[in-house]
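K.L.:
Below you'll find the structure I mean.
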Amino acid sequence: MTSPKYVGDRPYSDPEKAARRIMEHARAFEPIQDGRIYIEKINYPMIYQDKATPAEYWAGLQYAKDQGWLEYHESGTFVRMLQPGKDLFA
Numbered sequence: 002m003t004s005p006k007y008v009g010d011r012p013y014s015d016p017e018k019a020a021r022r023i024m025e026h027a028r029a030f031e032p033i034q035d036g037r038i039y040i041e042k043i044n045y046p047m048i049y050q051d052k053a054t055p056a057e058y059w060a061g062l063q064y065a066k067d068q069g070w071l072e073y074h075e076s077g078t079f080v081r082m083l084q085p086g087k088d089l090f091a
């Protein structure tokens, strides 16, 4: 019998790791007007390709926002990468 997977075993259970992966997805997308990055350009690959749970994705997004890496628009439809977020890749 295999041991059950615990939350700590998941690669994105740490909000900082999830946030950094979200930033990689955001960086890979060419922003549209005013630096907008449609939210589906980061949530789709994070959840369906990286296999993060919605809770892990949301915790990572909140972490990125709290660190000043991303601006999350109140409509929930897009984010903008802020200078501290861009500096992660400098």
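In terms of my numbering, the sequence shown is residues 2 to 91. Each residue gets a CB set at the ideal place from its N, CA and C atoms; glycine is no exception. Just so it is clear, the structure is predicted and the values come from calculations on it, not from any experiment.
(1) First and last residue of the alpha helix (DSSP H) that includes L71?
(2) With a 10 Å radius around its C-beta and 16 neighbouring C-beta atoms as the bar for buried, classify I33 as buried or exposed.
(3) On the CB-based measure, 16 or more other CB atoms within 10 Å of its CB, does F79 come out buried or exposed?
(4) May I ask which residues mark the beginning and end of the beta strand (DSSP E) holding R37?
(5) Would you check if there are 3 or more beta carbon pairs closer than 8 Å linking the segment 75-91 to the segment 8-17?
P.N.:
Concretely, from the data shown:
(1) Where L71 is concerned, there is no enclosing alpha helix (DSSP H), although the beta strand (DSSP E) it sits in stretches over L71 to Y73.
(2) exposed
(3) buried
(4) R37 to Y39
(5) no
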